[in-house]
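Engineer: One structure is given below, represented as structure tokens, and several questions about it will come after.
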Amino acid sequence: MEKRKIYMDYAATTPVKQEVVDIMQPYFTEYFGNASSFHGFGRDAKEALDESREKVAALINAQPSEIYFTGGGSESDNWAIEGAAFAARMKDPTKNHIITSKIEHHAVLHTCEYLEKVHGFEVTYLEVDSKGRIDLQQLEEAITDATIIISVMFANNEIGTIEPIKEIGEIAKKHGVLFHTDAVQAAGNIPIDVKELNVDMMSMSSHKIYGPKGIGSMYMRRGVKIHNLIHGGEQEKGKRAGTENIPAIVGYGKAAEIAKANLSHHVEELTRLSRKLVDGVLERIPYTRVNGDQENRLPGTTNFAFEFIEGEGILLLLDMLGIAGSSGSACTSGSLDPSHVLLSIGLIPEIAHGSLRLTVGDFTTEEDIDYILENLPGVIEKLRSMSPLYDEAKQAGRI
Ligand SMILES: Cc1ncc(COP(=O)(O)O)c(C=O)c1O
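Count along the sequence shown starting at 1, add 74, and that's the number in the working numbering.
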């Protein structure tokens, strides 16, 4: 019998949809022109570029002219924060303060640390509550005359918590501070209308919405002026140099178009499957909790904490059963440090270590969830039976 393969790691990346692959294909061989070239091949590429920009803009109700293609979510995050910081300080040297949260993706956190350590900016890292939400009062109190930008993620990649973006935007606007949000996990997974949110800049990534990797975008509201990150030619209205990756951009555009068309069904279906997963796991496995906000959350992302055991062990045994999950963000799963997100929501390291992120997506089936519910309890039981912590708790009569 062929081994089952169940992908439950859509937050790390998604498979590229067949329609997306199909539409990309001719742009490698037939319409391979450089979009800046002054001939038919160039015009074909330019046309595809413009169409894709419209599709990406439509997903978040932006104007196409407000969308800039980048090499992915990380680049967009780096660009927004560095670009804003350098532009503001050049105009007014007293402007040197950035506000972000403790649970951002490393693309934001490490950019802030770099600006702090190498360029002398000051950064405030906002605390979050036990659900992973920032405190709006704390945010407002952190703003000073020196503040340039607030960067708070739309939705967290590990626990799925959605931040109060509209309210943050209002505070930013009131104080004349720029607001950037990393919407890499949110865009295409929940409805986003930038016209309703006071967002100045927003990062998105194609490979989280069933498009190709290495391509993403930045929404930059009309009138926002920041420095460039990538210097060179005049592509992207002179704001992001480099010959455009047309096949990837075309794929990203198609993925955005599909995401927009399917959004309400997608949210409904992922919510239903996640509910089944959560209810089934909590019913079958004791000493288990779900991390993050249960109301303001992404429909497909669930983060469990199983007491007394380690996430790495769970992943290994699940992998042997053909189930692909994650013990945190893909970028940190190479390290054994407990996740900064789980520690920030107040989990003690022992419990943070026992976390498992399972994300459902467009190709997840009812049977996949059944298979997980059949197999996960045995995995957890096996690991607990070998766990000194579990033994200790039993001996001490705590369980
Ligand atoms: C919240 C968040 N921001 C940024 C990124 C980085 O995006 P990319 O992989 O496109 O560089 C990721 C990817 O895991 C993410 O989840």
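Glycine residues also receive a C-beta, built at the ideal position from the N, C-alpha and C atoms.
1. Can N370 be considered in contact with ligand 1, in the sense that its beta carbon sits closer than 7 angstroms to one or more heavy atoms?
2. Take M475 as the anchor and find which of L392, M164, N365 and D151 has the nearest alpha-carbon.
3. Identify whether H254 lies in helix, strand or coil by the three-state DSSP scheme.
4. Going residue by residue through the segment 318-406, where are the continuous beta strand (DSSP E) segments of at least 3 residues, counting only ones entirely within it?
5. Just mark P423 as buried or exposed, buried being the case when its beta carbon has 16 or more other beta carbons within 10 Å.
6. Compute the Euclidean distance between the alpha carbons of E310 and G262, then round it to the nearest angstrom.
7. Any heavy atom of ligand 1 closer than 7 angstroms to the beta-carbon of A181?
8. Using a Cβ-Cβ cut-off of 6 angstroms (strictly less than) and excluding sequence neighbours within five positions of L457, which residues of its own chain qualify?
9. Given L450, which residues of its chain have a CB within under 6 angstroms of its CB, disregarding the five upstream and five downstream residues?
10. Does the beta-carbon of M460 have 16 or more other beta-carbons within 10 angstroms, so that it is buried, or is it exposed?
11. Indicate the three-state DSSP secondary structure (helix, strand or coil) for M278 in the structure shown.
12. Going by beta carbon distance, what residues of the same chain come within less than 8 angstroms of L189, once the five residues before and after it are set aside?
13. Is N365 close to ligand 3? I mean its beta-carbon at under 7 angstroms from any heavy atom of the ligand.
14. S204 and I419: beta carbons closer than 8 angstroms?
15. For the alpha helix (DSSP H) holding I443, just list the boundary residues, first then last.
16. Sorted by chain position, which residues of the same chain lie with C-beta nearer than 8 angstroms to V453's C-beta, five sequence neighbours on each side aside?
17. Buried or exposed for D367, please, with buried defined as at least 16 other CB atoms from any protein chain shown within 10 angstroms of its CB.
18. Starting from the C-beta of L344, find all residues in its chain whose C-beta is less than 6 angstroms away, skip the five residues before and the five after it, and write them out in chain order.
19. Please confirm whether S429 and N336 have their CB atoms less than 8 angstroms apart.
20. Taking the continuous beta strand (DSSP E) assigned at F143, which residues delimit it?
21. Ignore the nearest five residues each way along the sequence and tell me which others in V324's own chain have a CB closer than 7 angstroms to its CB.
22. Determine the DSSP secondary structure at D219, reduced to helix, strand or coil.
23. Sorted by chain position, which residues of the same chain lie with C-beta nearer than 7 angstroms to L279's C-beta, five sequence neighbours on each side aside?
24. Do H414 and ligand 1 come close, with the Cβ less than 7 angstroms from some heavy atom?
25. Measure the Cβ-Cβ separation of E237 and I217 and say whether it is below 8 angstroms.
26. Assign G250 to one of two classes, buried (16 or more other C-beta atoms within 10 Å of its C-beta) or exposed (fewer than that).
Structural biologist: Quick answer:
1. Not one heavy atom of ligand 1 lies closer than 7 angstroms to the C-beta of N370.
2. Outside the modelled stretch of the chain, which goes from 75 to 473, sits residue 475, for which no answer is possible.
3. Here H254 sits in strand by DSSP.
4. Counting only runs of 3 or more, we get 362-365 and 375-380.
5. Result: exposed.
6. Distance between the alpha carbons of E310 and G262 is about 23 angstroms.
7. For ligand 1, at least one heavy atom lies less than 7 angstroms from the Cβ of A181.
8. Hits under 6 angstroms: I383 and G387.
9. Around L450, the same chain offers no residue with a beta carbon nearer than 6 angstroms, after the five sequence neighbours per side are excluded.
10. The C-beta of M460 has fewer than 16 other C-beta atoms within 10 Å across all chains shown, which makes the residue exposed.
11. Three-state DSSP puts M278 in a strand.
12. Answer for L189: I155, E156, A159, I172, F195 and V197, listed in chain order.
13. The ligand content of the structure shown is limited to ligand 1, which means ligand 3 is not among them.
14. Taking C-beta atoms as the reference points, S204 and I419 count as a pair closer than 8 angstroms.
15. Per DSSP, I443 belongs to the alpha helix (DSSP H) from E440 to S459.
16. Contacts found: I388, L391, L392 and L395.
17. Around the beta carbon of D367, a 10 Å sphere encloses 16 or more other beta carbons of the protein chains shown; the residue is thus reported as buried.
18. Hits under 6 angstroms: P373, G374 and V434.
19. In this structure, N336 does not lie closer than 8 angstroms to S429 by Cβ.
20. Per DSSP, the continuous beta strand (DSSP E) segment holding F143 begins and ends at I141 to T144.
21. The answer, listed in chain order, is I97, M98, Y101, A122 and S126.
22. Coil.
23. According to the sequence provided, residue 279 is Ser. The question's Leu does not apply to it. Hits under 7 angstroms: G146, G147, V258 and G290.
24. Flag unset: Cβ of H414 not near ligand 1.
25. E237 places its beta carbon 8 angstroms or farther from that of I217.
26. Flag for G250 reads exposed.
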